[in-house]
Amino acid sequence: MAACGEEPAAANRASAEPPSVPVSRPVIRQVSDWDEFTGRFIATGEVQVRARASGYLTQIHFQDGQLVNEGDLLFTIDRRPAQAAVQAAAASVAESEATLAVSRTDLDRASQLLQTQAVPRATFDQREATVQRGEAQLMLAQANLLRANLELAYTEVRAPFAGRIDRHYVSVGNLVTGDTTLLTNLVTVDRIHFLFDVDQNALLRYTRAAASNNRPSLREARNPVRLQLADETGFPHEGEMDFVSNQVDQATGTVRVRALLRNDRQLFLPGIFGRVQLLGSAPYEAVMVPDDSIGTDQSRRFVYVLNKDNVPEQRRVELGRLMDGLRVVRSGVGAQDTVVVGALQRVRPGQRVTPRQQPIAVPQPAQTASAADTPPGARTETATP
91 MAACGEEPAA ANRASAEPPS VPVSRPVIRQ VSDWDEFTGR FIATGEVQVR
141 ARASGYLTQI HFQDGQLVNE GDLLFTIDRR PAQAAVQAAA ASVAESEATL
191 AVSRTDLDRA SQLLQTQAVP RATFDQREAT VQRGEAQLML AQANLLRANL
241 ELAYTEVRAP FAGRIDRHYV SVGNLVTGDT TLLTNLVTVD RIHFLFDVDQ
291 NALLRYTRAA ASNNRPSLRE ARNPVRLQLA DETGFPHEGE MDFVSNQVDQ
341 ATGTVRVRAL LRNDRQLFLP GIFGRVQLLG SAPYEAVMVP DDSIGTDQSR
391 RFVYVLNKDN VPEQRRVELG RLMDGLRVVR SGVGAQDTVV VGALQRVRPG
441 QRVTPRQQPI AVPQPAQTAS AADTPPGART ETATP
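Residue numbering for the sequence shown follows our numbering, beginning at 91 and increasing consecutively.
Set out below in structure tokens:
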């Protein structure tokens with residue numbers, strides 16, 4: 091019976107002991123805010139390859155979709171008419187040269203006879219005019235020869251720059267028209283642009299921060315960006331801004347911005363959509379706590395902070411973004427506060443607890459993390475180390 095009497099007493103003592111909860115001081119880490127936007131890739135260089143000469147297409151010198159170098163031969167148009175035109179123009183030049191040579195000989199003879207007054211002045215003037223007409227005819231013939239050579243060169247269609255070519259739009263044997271018929275399309279691949287729109291509120295924030303030397307100028311500095319494709323986690327691709335539009339779109343309230351990225355692996359293609367992060371602030375010391383240590387009271391967010399008597403006090407907090415499982419706390423918690431980091435269900439405000447030190451596990455810094463409280467497609471700001 092004595093043993094039976096001791097069991098309730100032990101249970102009462104256990105229930106009277108303050109509950110044990112894990113506590114820790116916040117993690118202090120240098121982070122930067124990054125703003126997130128959606129955009130798409132466009133080629134840094136793109137050209138619609140058209141025929142410059144008219145004629146029948148005789149050869150295609152590439153495989154659809156292959157990489158080509160600057161100057162590579164792409165198409166050949168029937169060269170025979172152009173070659174004949176070159177020969178005719180060359181013959182015209184030779185004829186003009188011969189005619190001019192005779193005219194100059196006649197002029198020299200007339201000049202000598204004029205000195206002895208063996209011929210009238212009018213005869214000399216006529217022969218001088220004949221030489222001038224001959225010189226003009228020679229210049230015209232030479233210009234026609236140059237034009238004929240250009241037409242001959244236009245029968246070979248070459249790549250204006252290195253890149254990846256599209257399929258051929260016209261097959262061999264078809265008649266093409268100069269400056270009209272579209273033969274294929276060529277885009278650069280070694281570097282690529284990413285276009286996205288920045289809202290005017292963010293633009294004003296960047297401008298004011300740059301004026302206060304808290305971030306690089308959006309226009310004058312090549313701000314770093316990080317990019318994520320649709321099937322990726324994190325933002326593993328890096329680039330830099332190279333253009334900001336000079337006006338805000340009145341319909342959308344956004345400004346068009348462009349970033350430049352290397353494309354050595356040719357992973358990016360024009361037209362692909364992605365998400366990009368743009369530096370939103372200078373680095374700063376952030377107070378961070380585990381995301382599961384944050385409680386919710388209707389619309390308020392709070393954490394439990396122990397006072398000197400180990401009594402938890404509810405602190406209302408203003409939260410930043412989630413990074414590697416840790417939430418940035420913008421206000422409400424200091425670096426020296428002792429925060430309850432788990433077992434929130436055991437905590438009762440005003441009732442003493444038994445603190446159990448449990449250091450916050452700090453994971454390896456990731457490149458980025460999306461905000462947990464931001465719906466897909468919305469602009470976010472993410473904290474990064």
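The beta-carbon is built from N, C-alpha and C at its ideal position, and this holds for glycine as well.
query: Taking the alpha helix (DSSP H) that T220 falls in, what are its first and last residues?
result: Translated into the one-based positions of the sequence shown, residue 220 becomes position 130. First-last of the alpha helix (DSSP H) with T220: 211-244.
message: Let's test the definition: count the other Cβ atoms within 10 Å of the Cβ of G364 and tell me whether it reaches 16, buried, or not, exposed.
response: Locating residue 364 in the sequence shown gives position 274, where the first residue counts as 1. Burial call: buried.
message: Please determine whether the Cβ atom of T344 lies at a distance below 6 Å from any heavy atom of the ligand FMN.
response: As presented, the structure is devoid of all ligands, the ligand FMN included, so that no description of it is given.
task: For V418, I'd like the list of residues in its chain whose CB is within less than 6 Å of its CB, leaving aside the five on either flank, ordered along the chain.
output: One-based indexing of the sequence shown puts residue 418 at position 328. So the list reads A376, M378, G410, R411, A473, once near-sequence residues are dropped.
- prompt: Pairing CB atoms from the segment 353-361 with CB atoms from the segment 299-315, are three or more of them under 8 Å?
  reply: Counting Cβ pairs under 8 Å, fewer than three are found: no touch.
Own chain, CB closer than 7 Å to A468, minus 5 neighbours either side, in chain order: Here residue 468 is taken as the residue at index 378 of the sequence shown, counted from 1. In this prediction, A468 has a pLDDT of 37, which is less than 50 and means its spatial position is unreliable; nothing more can be read from the coordinates.
query: What residue from S114, P108, D287, P109 has the CA that sits closest to G424's CA?
result: For this step, residue 424 is matched to residue 334 along the sequence shown. Comparing Cα-Cα distances from G424 to each of S114, P108, D287, P109, the minimum goes to S114.
Among N304, R170, A219, nearest to Y244 - alpha-carbon criterion: Here residue 244 is taken as the residue at index 154 of the sequence shown, counted from 1. In terms of Cα proximity to Y244, the closest of N304, R170, A219 is R170.
query: According to DSSP, what are the bridge partners of A477?
result: The structure shown has nothing for residue 477, since the chain only spans 91 to 475.
message: Quick check: the segment 111-128 against the segment 364-373, are at least 3 beta-carbon pairs closer than 8 Å?
response: They touch, by the three-pair rule.
field: D269 in three-state terms, based on DSSP
entry: One-based indexing of the sequence shown puts residue 269 at position 179. Three-state result, D269: coil.
field: C-beta contact flag for V430 and P380 at 7 Å
entry: As a first step, residue 430 is located in the sequence shown; it is residue number 340 there, counting from the start. As a first step, residue 380 is located in the sequence shown; it is residue number 290 there, counting from the start. Not a contact, by the Cβ cut-off of 7 Å.
query: Of all the options F251, I450, N397, which has the alpha carbon lying nearest to the alpha carbon of G161?
result: By one-based count along the sequence shown, residue 161 stands at place 71. With distances taken between Cα atoms, G161 lies closest to F251.
- prompt: Skipping 5 residues on each side, what residues in its chain have a beta carbon closer than 8 Å to that of D269?
  reply: By 1-based counting over the sequence shown, the position of residue 269 is 179. R140, A141, R142, listed in sequence order.
message: Since R312 and E328 should fall inside the 8 Å C-beta cutoff, what is the C-beta to C-beta distance between them, to a whole number of angstroms?
response: Counted from its first residue, the sequence shown places residue 312 at position 222. Counted from its first residue, the sequence shown places residue 328 at position 238. The Cβ separation is near 12 Å, so there is no contact.
- request: Helix, strand or coil for N291, going by three-state DSSP, please let me know.
  value: As a working mapping, residue 291 is identified with position 201 in the sequence shown. Look at N291 here: in three-state DSSP terms it is helix.
task: For L190, collect the residues of the same chain with a Cβ closer than 8 Å to its Cβ; drop the 5 residues on either side in sequence, then sort them by chain order.
output: Stepping through the sequence shown from its first residue, residue 190 is reached at position 100. Only residues of its own chain outside the window of five on either side were considered, and among them V221, G224, E225, Q227, L228 have a CB closer than 8 Å to the CB of L190, listed in chain order.
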